[in-house]
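K.L.:
One structure coming up, written as structure tokens, with questions to follow.
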Amino acid sequence: MAKRKNYLSLIVLSLLMIFGLVSCKIHEPEFKSIDNLSVKRISSGDILLTADAEFYNPNGIKMALDSVSIDVIINDEIVGSINQPLKTTMPSKADFTLPLEVRFPSKKLFSNVLDGLFKVLSNEKFEVKYNGFVQTKAVGIPVKVPVRAKSTIEI
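Structure, rendered in structure tokens:
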């Protein structure tokens, strides 16, 4: 009789846990913008761009950030990708800033040294697009947050 009572208690507890997880809806964090886009370094070999991705977590619980997978597109050509695993958390009901960094060959923008020098001296503007996603997780449930943004920058 005691074994039957233990099994019944285990079943009831399991059903309550399943009901609790199902009724707790996880909302997708909101991608807000890409800010602070800047050129950190230009050399004959490569260009380093940095930016901040701004998010808002509407959930009442923290979310784990697992990975970033974002293509960086300048003048309609993929110049580089941001692919990195993460071990950080997004606070609950708060804004969160994720620093981004991409390094790519300068030849993706400049056909030669003179072309590069001319474009830099003339303050030519370039359209920069970010296209991809950030993988998050809340209570073991994976959530992909799309990242789509467009900006211009002078190099």
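Each residue of the sequence shown is one higher than the last, beginning at 319 in the working numbering. Even for Gly, the Cβ is constructed at its ideal location relative to N, Cα and C.
#1: Please report the Cβ distance between Ile-388 and Gly-450, rounded to the nearest whole angstrom; I am assuming they are in contact, meaning their Cβ atoms lie under 8 Å.
#2: Opposite Leu-418 in the DSSP bridges: which residues?
#3: Within a Cβ cutoff of 7 Å, which residues of the same chain sit near Ala-456, ignoring the five residues on either side of it in sequence?
#4: In chain order, what residues of the same chain have a beta carbon less than 6 Å from the beta carbon of Lys-443, not counting five sequence neighbours either side?
#5: Name the one or two DSSP bridge partners that Asp-394 has.
#6: Does the beta-carbon of Pro-423 have 16 or more other beta-carbons within 10 angstroms, so that it is buried, or is it exposed?
#7: If I measure Cβ to Cβ from Ile-392 and keep anything under 6 Å in the same chain, skipping five residues before and after, which residues do I get?
#8: Could you please give me the residues that DSSP links to Lys-443 through a beta bridge?
#9: Please return the same chain residues whose Cβ sits closer than 8 Å to the Cβ of Ser-385, not counting the five positions on each side in sequence.
#10: With C-beta atoms as the reference, is Tyr-374 less than 8 Å away from Glu-346?
#11: Do you know offhand how far Glu-419's Cα is from Leu-326's?
#12: Using three-state DSSP, classify Ile-329 as helix, strand or coil.
#13: Using the Cβ count rule (16 or more neighbours within 10 Å means buried), how would you classify Ala-412?
#14: What's the C-alpha gap between Gly-434 and Leu-355?
P.N.:
Taking the definition as stated:
#1: 3 Å
#2: Ala-369
#3: Ile-344, Asn-377, Ile-379 and Met-381
#4: Thr-470 and Glu-472
#5: Partner(s): none; Asp-394 has no beta bridge.
#6: exposed
#7: Phe-444 and Val-446
#8: Glu-472
#9: Asn-401, Gln-402, Pro-403, Leu-404, Val-452 and Gln-453
#10: no
#11: 54 Å
#12: helix
#13: exposed
#14: Any reading at Gly-434 needs caution, since the residue's pLDDT is 48, under 50, leaving its predicted position unreliable; the model's value is listed next. Taking the straight line from one Cα to the other gives about 20 Å.
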